[in-house]
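Visitor: Can you keep this structure in mind? I'll have questions shortly.
Number of protein chains: 2
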Amino acid sequence: MQRPSADTSSNTSSNTSSTADSSDTATAGTLLTCYLCDQAADFLRALRTTPEGGEEAALDLRRPARRISAALHTFRPFLDAAWADRLRTELAWLSGTLAREHAYTARLARLLEALGRLSDTKAEPALSSIGAARAGALLERQLTLARTRAHSAALQALGSSRFHAVADSVALLASEVPLDPSAHADADAVDGLPSAVESSAHRLTEAVAVLPLGRASLPYNAEGLSDAQDAPWHTVRLLLRLNRYAHEVLYADLDAEGRPGLDPRVFGAGQALDRHRAASEAASAAASAARTPRIAPATAYALGVLHADQRHEVEAARYAFQQVWQQRAAVTAP
Amino acid sequence: MQRPSADTSSNTSSNTSSTADSSDTATAGTLLTCYLCDQAADFLRALRTTPEGGEEAALDLRRPARRISAALHTFRPFLDAAWADRLRTELAWLSGTLAREHAYTARLARLLEALGRLSDTKAEPALSSIGAARAGALLERQLTLARTRAHSAALQALGSSRFHAVADSVALLASEVPLDPSAHADADAVDGLPSAVESSAHRLTEAVAVLPLGRASLPYNAEGLSDAQDAPWHTVRLLLRLNRYAHEVLYADLDAEGRPGLDPRVFGAGQALDRHRAASEAASAAASAARTPRIAPATAYALGVLHADQRHEVEAARYAFQQVWQQRAAVTAP
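Protein chains in written order, with the UniProt record's numbering: chain A, 1 to 334; chain B, 1 to 334.
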């Protein structure tokens, strides 16, 4: 995320510097305030240009909302904690509501792509075309309905007083960040924020240590068949994102790759776990569609193949995560 | 396979030496005759001790039948070719007929094991227990019926005049192997049989070269989803076995591991491709069960999951084959 240029700097209040290029001399308060200002400006701009809602608008709003929420979490000790917690709760509600429509669109696309692959007529297909077509039609009906409901819910949310209250809180960030007066917000940034970022990296390391990476490194281990073990991987996915955003606060003026101390593995690892989550949810959607009453056996069979296929995608994503994580560890180990 | 001891050496004719320990001095004719004698004796012994048929008896008969057939194939230039071809056809019929009962037993066991794994109640299962139970019952019914029919067919074959003709031909081997009088059967074994074994190794290498090992070395490549590409792998499986048996002829008195020139990869590679074939046929059985009219959607769904699971087993077996094949190649490469 680039630091906003002149057109948004008018939003920054007088007690923050919008040109804090050097993190060595900037105070913790200044860096954090700048970052939150910038994100708040992005949020308010997204709000102005796309008042109608829709998937695009939702993406533009969610991007800064996620970052504000992450900063409130990682740098909570520097902020008015009660206020930060309250805003995080509201941002989580907003992000969750806005995310749903896009998630259904992506899930349907993933499942139809998989059905196409599984019933590919270039080869002897794993699925009969009729079973695949019926399963595709069923999924399309169910996920389109879910998406339409999510769209309505997003529109309703954007028109609600609850949303206006969130927007007001974010607007406050664009003018004045409620720092904790008793905290070390004015201490040297070198002592302050980086230690919070280090804590974030530490939580990530601890969460990764819980993952069965040894098993995941053995291909075709059949560990992905059930979704009982998905949760710790989802946790790591969120922590990877928090860690990446935390570094943005410190080095907003640098490219992602150039940020000192940022583990270069977080990008590839994050992509692998995005795929992990998408496949996990697509598998659930297939299983849920199979519980529709009175479906034809051919449809149910196709959904079974599809479910297993997506659970193997889950396993493949864990393997990919482990490849990214161990490979770079080996490179940086000496 | 150990060389038979005294109790069977009475079957060997006077023109062969049953103590041809050194392949350097034995003639091609002697080595080949000894080997075929020994296998014929094993075949006849299996026939005597288990006239009732059944899976055990079938295994005991198939073991020497496969080896005789392989030797007739690999060393065809040293034999009366028309006679060898005729006997091979008959042995193939017999082996195929006798193999079926055991194959259905093994297939059912594999599928029930997979269903158990997929509906394991220790974790959130991939399959509902009811769907798994119904699919298991359906498979059990169908494969048990198939096995019963195979058993009857095997019994019928063992009582047929066709079988008695095969037994007579094999008995001939135990007393006198029809060598090709015009061929190099009396040449030094060093020049004769080993070149036939080398040809067998060459055919194996060529067949492996056709396999997409590069793709197979990338886990989760989704290449195994369809059975359109199974055939070349099945071919390599058969050639691995032919190659292994060909070395038995040359070095019957040595342990498998000690046979000079035998690629040590053939054992692990053969196991991987046995698993490949078993999974491929189990997947077909699941797909075929799903075409049963009027099954419940839950049953069809479970069979779909099972089919995909076994096709992933196919992919895993290819990965395992490639691991065995490339790893040892790297070790012996320097």
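Virtual Cβ for every residue (Gly too), placed ideally from N, Cα, C.
What does DSSP give as the partner residue(s) for LEU155 of chain B in the beta ladder?
Guide: In the DSSP output, where bridge partners are listed per residue, LEU155 of chain B has none listed.
Visitor: Considering only residues of the same chain and omitting the five flanking positions on each side of LEU47 of chain A, which have a CB-CB separation below 7 Å?
Guide: Excluding positions up to five away in sequence, the list reads LEU61, ALA167.
Visitor: If you run the structure through DSSP and keep just helix, strand and coil, what is LEU179 of chain A?
Guide: If DSSP states are grouped into helix, strand and coil, LEU179 of chain A belongs with the strands.
Visitor: Check whether chain B comes within 9 Å of SER22 of chain A, counting only Cβ atoms and requiring the distance to be less than that.
Guide: Here the model assigns SER22 of chain A a pLDDT of 44, short of 50, so the residue's position is not dependable and the matter cannot be decided.
Visitor: Let me know if HIS247 of chain B comes out buried or exposed under the rule of 16 or more other beta-carbons within 10 Å of its beta-carbon.
Guide: By the 10 Å Cβ count, HIS247 of chain B comes out buried.
Visitor: Write down the C-beta distance between LEU211 of chain B and LEU239 of chain B rounded to the nearest angstrom, noting that I regard them as a contact closer than 8 Å.
Guide: Not a contact, Cβ separation roughly 11 Å.
Visitor: In angstroms, rounded to a whole number, what distance separates the CA positions of GLU281 of chain B and ILE68 of chain A?
Guide: Answer to the nearest angstrom: the Cα atoms are 55 Å apart.
Visitor: Going by DSSP, name the residue or residues bridged to LEU303 of chain A.
Guide: Its beta-bridge partners do not exist; DSSP assigns none.
Visitor: Take LEU273 of chain A and list the residues in its own chain whose beta-carbon comes closer than 8 Å to its own, dropping the five residues that flank it on each side.
Guide: Closer than 8 Å at Cβ, skipping near neighbours: TRP233, HIS234, VAL236, ARG237, LEU240, ALA317, PHE321.
Visitor: Across which residues does DSSP place LEU79 of chain A in a beta bridge pair?
Guide: The partner list for LEU79 of chain A (beta bridge, DSSP) reads A:LEU179.
Visitor: Quick test of the definition: if touching needs 3 or more C-beta pairs under 8 Å, does the segment 86-93 of chain A touch the segment 132-149 of chain A?
Guide: At 8 Å Cβ cutoff, the stretches do not touch.
Visitor: Determine the contact status of ALA300 of chain B and TYR301 of chain A, defining contact as a CB-CB distance below 9 Å.
Guide: Yes.
Visitor: Is DSSP giving THR27 of chain A helix, strand or coil here?
Guide: Of the three classes helix, strand and coil, the one that applies to THR27 of chain A here is strand, per DSSP.
Visitor: Please say whether HIS307 of chain A and GLY224 of chain A have beta carbons closer to each other than 9 Å?
Guide: Result no, Cβ atoms of GLY224 of chain A and HIS307 of chain A do not sit closer than 9 Å.
Visitor: Once the 5 residues before and after SER22 of chain B are set aside, which same chain residues still bring their CB inside 8 Å of it?
Guide: Reliability of the predicted coordinates at SER22 of chain B is poor, the pLDDT of 44 falling under 50, and no value is obtained from them.
Visitor: Give me the chain A residues within the contact set of ILE295 of chain B, using Cβ-Cβ distance strictly less than 8 Å, ordered along the chain.
Guide: Those are PRO297, listed as they occur along chain A.
Visitor: Using a Cβ-Cβ cutoff of 8 Å, what residues of the segment 224-237 of chain B are near chain A? List them in chain order.
Guide: Against chain A - using a Cβ distance shorter than 8 Å - the residues of the segment 224-237 of chain B are LEU225, SER226, ASP227, ALA228, GLN229.
Visitor: Can you grab the Cα-Cα spacing for the pair GLY214 of chain B / TRP83 of chain B, in whole Å?
Guide: Each residue's alpha carbon lies about 42 Å from the other.
Visitor: Compare the C-beta of ASP263 of chain B against all C-beta atoms of chain A and say whether one is closer than 9 Å.
Guide: Chain A contact via Cβ: absent.
Visitor: What are the boundary residues of the alpha helix (DSSP H) that includes ALA196 of chain B?
Guide: Note, ALA196 of chain B: alpha helix (DSSP H), 193-210.
Visitor: Please report how far the alpha carbon of GLY29 of chain B lies from the alpha carbon of GLY258 of chain B, in whole angstroms.
Guide: When rounded, the distance between both Cα atoms is 23 Å.
Visitor: Straight-line CA distance for SER182 of chain B to ALA269 of chain B?
Guide: Going by the C-alpha atoms only, they are around 37 Å apart.
Visitor: I'd like the span of the alpha helix (DSSP H) that includes THR292 of chain A, first residue to last.
Guide: Counting along the chain, THR292 of chain A falls outside any alpha helix (DSSP H), and DSSP gives it neither H nor E.
Visitor: Between HIS151 of chain A and chain B, is any beta-carbon pair separated by less than 9 Å?
Guide: It does not; no Cβ of chain B falls within 9 Å.
Visitor: Please identify, using Cβ separations under 8 Å, the residues of the segment 85-118 of chain A that lie next to chain B, in order along the chain.
Guide: So the list reads ARG117, LEU118, given in the order they occur along the chain.
Visitor: Give, in chain order, every residue of the segment 57-85 of chain B whose Cβ lies closer than 9 Å to some Cβ of chain A.
Guide: Cβ contacts with chain A: none found.
Visitor: Using a Cβ-Cβ distance under 9 Å, would LEU306 of chain B count as near chain A?
Guide: LEU306 of chain B counts as touching chain A.
Visitor: Find the nearest neighbour of LEU158 of chain B within the set B:SER95, B:ALA109, B:LEU115, B:LEU145, judged by alpha-carbon distance.
Guide: Nearest of B:SER95, B:ALA109, B:LEU115, B:LEU145 to LEU158 of chain B, Cα basis: B:SER95.
Visitor: Taking a contact to mean a Cβ-Cβ separation below 9 Å, would you say THR74 of chain A touches VAL170 of chain A in this structure?
Guide: Not a contact, by the Cβ cut-off of 9 Å.
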